[in-house]
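> This is the structure I want to talk about, given as structure tokens.
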Amino acid sequence: MATKIPEAQNRLFKNTFICQKCQCKMKADPQKVLKGKVKCRKCKKAQFRVPKKK
Ligand SMILES: [Zn+2]
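Laid out in structure tokens, this is it:
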């Protein structure tokens, strides 16, 4: 891993959500998630959480 771009990683991280039902990762616009417009592909639920930082 030669190059790390913190801004890009942060952006990716912020746009990633995890379904609370089936734990699958979803990339989505945070604004849409907050408004409940994004649904999980697998279980069709709109309950998401942000991934925990390590
Ligand atoms: Zn799900």
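Residue numbering for the sequence shown follows the working numbering, beginning at 664 and increasing consecutively. Glycine is no exception: its CB is placed at the ideal position from the N, C-alpha and C atoms.
What residue does the beta strand (DSSP E) around Lys-688 start on, and which one ends it?
Residue numbering aside, residue 688 sits at position 25 when the sequence shown is read from its first letter. Per DSSP, Lys-688 is one residue of the beta strand (DSSP E) stretching across 688-690.
> Quick check on Cys-703: buried or exposed, where buried means 16 or more other Cβ atoms within 10 Å of its Cβ?
Locating residue 703 in the sequence shown gives position 40, where the first residue counts as 1. Per the 10 Å Cβ criterion, buried.
> Which first and last residues belong to the beta strand (DSSP E) in which Thr-679 is found?
Looking up residue 679 in the sequence shown gives position 16. Residues 679-682.
> Closer than 6 angstroms by C-beta to Cys-685: which residues in its own chain qualify, once you throw out the five before and the five after it? Chain order, please.
Translated into positions along the sequence shown, residue 685 becomes position 22. Correct list, in chain order: Lys-705 and Cys-706.
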